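Accompanying notes for the structure given below.
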Amino acid sequence: MITDIFKIDEQTNLKAQVIVLGSGIAGAEVSTHLARHGRDVILLESGRDRFDPEIQALNDVIFLGKRHRELNPNTYYHRYLPPELRGVSRVRQFGGTSNVWTGKWKYLQQSDFDGRDWVPNSGWPIEFTDLLDHYRSAAKDYGFGDLEAEAVRPEIRELRGKIAAYGLKMSSFYWEKTPTRTAIRFGEEMRRSRNLQVIQGATATELKLDPSGQRVNRVVCRSLEGREITVEGDVIVLATGAFEAARLLLASNRQLPHGIGNAHDLVGRFYTDHPKHHTGILIPGHLTRQYAHELQYAPKPRFCICFALDDETQREHELLEHVLYIKPIYETFTDRLKRMIQGRPICQDNNGAVASYRVKFVTEQLPQKASHIKLGTELDALGQRKLEVDWCFTEHDHRSMAKTLELLTQRFAEAGIGTFEFGDDPPCIDNMTDAAHQMGTTRMASCPEEGVVDINCRVFGTDNLYVASSAVFPTGPSYSPTFTILALARRLGQHLLEITKFQPLSKPNIEDLSATLVNTASTQNDHL
Numbered sequence: 009m010i011t012d013i014f015k016i017d018e019q020t021n022l023k024a025q026v027i028v029l030g031s032g033i034a035g036a037e038v039s040t041h042l043a044r045h046g047r048d049v050i051l052l053e054s055g056r057d058r059f060d061p062e063i064q065a066l067n068d069v070i071f072l073g074k075r076h077r078e079l080n081p082n083t084y085y086h087r088y089l090p091p092e093l094r095g096v097s098r099v100r101q102f103g104g105t106s107n108v109w110t111g112k113w114k115y116l117q118q119s120d121f122d123g124r125d126w127v128p129n130s131g132w133p134i135e136f137t138d139l140l141d142h143y144r145s146a147a148k149d150y151g152f153g154d155l156e157a158e159a160v161r162p163e164i165r166e167l168r169g170k171i172a173a174y175g176l177k178m179s180s181f182y183w184e185k186t187p188t189r190t191a192i193r194f195g196e197e198m199r200r201s202r203n204l205q206v207i208q209g210a211t212a213t214e215l216k217l218d219p220s221g222q223r224v225n226r227v228v229c230r231s232l233e234g235r236e237i238t239v240e241g242d243v244i245v246l247a248t249g250a251f252e253a254a255r256l257l258l259a260s261n262r263q264l265p266h267g268i269g270n271a272h273d274l275v276g277r278f279y280t281d282h283p284k285h286h287t288g289i290l291i292p293g294h295l296t297r298q299y300a301h302e303l304q305y306a307p308k309p310r311f312c313i314c315f316a317l318d319d320e321t322q323r324e325h326e327l328l329e330h331v332l333y334i335k336p337i338y339e340t341f342t343d344r345l346k347r348m349i350q351g352r353p354i355c356q357d358n359n360g361a362v363a364s365y366r367v368k369f370v371t372e373q374l375p376q377k378a379s380h381i382k383l384g385t386e387l388d389a390l391g392q393r394k395l396e397v398d399w400c401f402t403e404h405d406h407r408s409m410a411k412t413l414e415l416l417t418q419r420f421a422e423a424g425i426g427t428f429e430f431g432d433d434p435p436c437i438d439n440m441t442d443a444a445h446q447m448g449t450t451r452m453a454s455c456p457e458e459g460v461v462d463i464n465c466r467v468f469g470t471d472n473l474y475v476a477s478s479a480v481f482p483t484g485p486s487y488s489p490t491f492t493i494l495a496l497a498r499r500l501g502q503h504l505l506e507i508t509k510f511q512p513l514s515k516p517n518i519e520d521l522s523a524t525l526v527n528t529a530s531t532q533n534d535h536l
């Protein structure tokens with residue numbers, strides 16, 4: 009069932025086996041999976057069904073280093089969204105940030121999990137094979153195309169072989185026709201479920217530890233309207249994204265002065281995103297003209313391709329993995345006349361004649377402790393300390409981007425893919441924006457001296473607190489992290505099934521417990 013914090017009396021005793029914070033991709037996956045298997049779950053969501061700018065303002069941060077994109081109704085980004093959501097990278101609404109993402113699904117590769125000698129702090133403590141079955145099951149259940157079958161399709165193998173001769177590699181991602189929105193995908197199931205109770209408008213402000221200091225047994229939640237509730241649980245899952253997971257751990261500092269899981273000052277450290285640049289143009293060469301049908305972006309759903317320097321080149325030049333995407337720009341009447349006058353051959357895909365391709369670089373960031381988020385002194389509307397974000401880069405980041413651009417320019421021309429035109433704005437870290445892929449603030453590690461969560465996403469120093477988001481990524485190659493977030497959430501859901509017991513449904517739901525609700529609450533709720 010789905011209810012609102014307004015409908016719950018503050019004296020109501022709320023308990024569940026598992027408490028999940030956040031209703032985005034990870035939170036919706038974990039909570040529904042556990043509920044289907046007979047676990048008693050409460051999901052806490054800061055937002056409500058409708059986007060509320062006042063609740064969204066709880067996401068506001070203070071930037072100390074490079075800034076992120078921010079809300080801008082006129083921005084180039086997210087033109088497919090309502091103006092009030094354009095430019096937003098973290099969403100406090102039922103369904104979380106799935107409400108704004110574009111629907112691109114891609115596996116990490118085996119090499120992405122491996123440590124690289126020239127990239128400090130790289131590598132994962134788990135293997136690609138630990139996630140493969142979860143990738144596969146998610147693709148089947150969500151109805152995605154088969155990425156493994158696409159990788160061996162004859163045309164793709166042929167193109168891959170041709171560019172490999174020039175030190176380039178390519179990989180595919182699946183682009184949904186309609187991006188997955190968890191509020192739509194899971195909303196009706198959540199409303200009907202007797203094992204899962206969703207509480208909207210409930211912003212988690214503090215995690216409470218038991219006397220041992222190793223178990224989180226209560227979550228304190230507040231609303232902007234002044235209501236406060238406490239929820240008790242045996243297992244707590246933070247599925248709130250990289251910023252809010254770290255913020256909540258740091259803010260829960262009454263019993264542990266430095267916050268939960270922060271014995272080694274690593275919560276909020278190693279913050280990374282994917283800087284991206286999207287204003288370049290590629291003039292197609294003979295290879296692009298030959299394979300133009302493989303490079304088109306429509307109609308969706310479909311598989312699309314991205315390019316990078318091969319692993320040997322990255323190793324030789326000690327480069328990070330920077331990925332390049334090209335999107336067709338179709339000819340206008342003027343473009344056609346110009347091509348005919350110049351005598352250039354046509355580049356034709358199944359949608360029409362291609363004048364050029366828009367180039368987008370998405371770059372990997374080197375994980376470093378200095379790039380971090382911390383609690384500031386400014387307070388939000390709930391009286392909570394806002395985050396200060398110091399998103400910063402190393403000389404390695406700058407050098408890697410410059411060298412990658414040089415080599416890709418050379419090799420794209422030699423391979424016949426085409427030539428770049430960047431005008432006065434060639435890609436560099438300084439003129440790139442974020443990709444809304446916040447990662448690393450509670451990184452996964454083999455030991456607490458190196459990270460915040462273990463290989464099962466359990467926070468070091470606790471028995472029952474878990475993180476389900478890209479916050480746990482030790483490194484993040486340059487493409488959408490969403491499929492890996494989903495795979496990790498599925499893996500965590502299976503782990504929690506193994507450590508919790510089936511709970512026969514015997515208790516009334518929240519609304520049954522709320523008979524003492526004060527009259528003002530229902531009156532206030534009428535405007536939602």
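Heads up, the sequence shown is in my numbering, so the first residue is 9 and it goes up one at a time. For each residue, glycine too, the CB sits at the ideal point set by N, CA and C. Computed from a predicted structure; not experimentally measured.
Reduced DSSP secondary structure (H/G/I, E/B, other) of residue i
i, result
"Met440", "coil"
"Gly175", "coil"
"Ser539", "This structure cannot speak to residue 539, because the chain is shown only from 9 to 536."
"Ala157", "helix"
"His404", "helix"
"Lys112", "strand"
"Gln418", "helix"
"Ile241", "Per the sequence presented here, residue 241 reads as Gly, with Ile not at that position. Gly241: strand per DSSP, three-state reduction."
"Gln350", "helix"
"Met409", "helix"
"Ile164", "helix"
"Ser478", "helix"
"Phe102", "coil"
"Asn225", "strand"
"His1", "With the chain running from 9 to 536 in the structure shown, residue 1 is simply not present."
"Asp462", "coil"
Test: residue i CB closer than 7 Å to a CB of chain B
i, result
"Leu413", "Although the question refers to chain B, the structure presented lacks it and comprises just one protein chain."
Inter-residue spacing [alpha-carbon to alpha-carbon] between residue i and residue j
i, j, result
"Tyr143", "Glu135", "13 Å"
"Gly151", "Leu232", "38 Å"
"Leu416", "Ser408", "12 Å"
"Ala254", "Trp183", "30 Å"
"Thr531", "Val275", "With a pLDDT of only 36 at Thr531, under 50, the local geometry of the prediction cannot be trusted, and the value read off the model is given with reservation. About 41 Å."
"Phe510", "Leu93", "40 Å"
"Asp57", "Ile349", "55 Å"
"Glu329", "Asp12", "44 Å"
"Leu290", "Gly426", "6 Å"
"Trp113", "Gln19", "43 Å"
"Ile313", "Leu303", "7 Å"
"Ser514", "Asn203", "Residue placement at Ser514 cannot be trusted, given a pLDDT of 47 that sits under 50; what the coordinates show is reported in the next sentence. Those two C-alpha atoms are separated by around 10 Å."
"Thr34", "Arg347", "Here residue 34 turns out to be Ala, not Thr, going by the sequence shown. For Ala34 and Arg347, the distance between alpha carbons rounds to 48 Å."
"Pro434", "Tyr305", "24 Å"
"Ser145", "Ala36", "16 Å"
"Thr190", "Gln418", "43 Å"
"Ala271", "Glu457", "9 Å"
"His285", "Phe430", "10 Å"
"Glu197", "Gln322", "46 Å"
"Arg193", "Thr110", "15 Å"
Best match in the options for proximity to residue i [C-alpha to C-alpha]
i, options, result
"His404", "Gln376, Leu390, Ile381, Glu396", "Gln376"
"Leu264", "Gly469, Ser54, Lys23", "Gly469"
"Asp343", "Lys335, Ile334, Pro353", "Pro353"
"Pro307", "Asp357, Phe194, Ala316", "Asp357"
"Gly1", "Gln373, Thr340, Leu345", "Residue 1 is absent from the model: the chain starts at 9 and stops at 536."
"Ala172", "Gln446, Ala423, Glu414", "Ala423"
"Gln298", "Thr238, Asp120, Cys355, Lys335", "Cys355"
"Leu345", "Tyr333, Ala363, Phe315", "Ala363"
"Phe428", "Arg366, Glu163, Leu390", "Arg366"
"Pro7", "Val160, Asp120, Ser486", "No answer is possible for residue 7: it lies beyond the span of the chain, which begins at 9 and ends at 536."
"Ala157", "Phe71, Phe311, His406", "Phe311"
"Glu414", "Glu196, Ala316, Thr492", "Ala316"
"Pro219", "Arg262, Gly73, Asp281", "Arg262"
"Thr287", "Arg124, Met9, Ala444, Met440", "Met440"
Residue i beta carbon near the ligand NAP (any heavy atom closer than 6 Å)
i, result
"Asp242", "The ligand NAP is absent from the structure shown, which contains no ligand whatsoever."
How about the region 48 to 58 and the region 77 to 93: do they share at least three Cβ pairs that are nearer than 8 Å? no
Going along the chain, which unbroken runs of the beta strand (DSSP E) with 3 or more residues stay wholly within the region 11 to 71? 22 to 29, 49 to 53
Does the structure place the region 440 to 452 close enough to the region 210 to 218 that three or more beta carbon pairs sit under 8 Å? no
As an exercise, report each continuous alpha helix (DSSP H) stretch of at least 4 residues that is fully enclosed by the region 121 to 151, in chain order. 137 to 150
Given 8 Å as the limit, is there contact between the region 475 to 486 and the region 221 to 232, that is, 3 or more CB pairs closer than that? no
Inspect the CB distances between the region 291 to 298 and the region 373 to 388 and report whether three or more fall short of 8 Å. no
Sufficient close CB pairs (3 or more, under 8 Å) joining the region 383 to 403 to the region 458 to 466: no
Run through the region 260 to 314 for me and flag every whole beta strand (DSSP E) of 3 or more residues, listed as ranges in chain order. 284 to 292
Within 8 Å, do at least three Cβ pairs link the region 162 to 180 to the region 19 to 30? no
Can you list the beta strand (DSSP E) stretches of 3 or more residues lying completely in the region 372 to 401, in chain order? 380 to 387, 393 to 398
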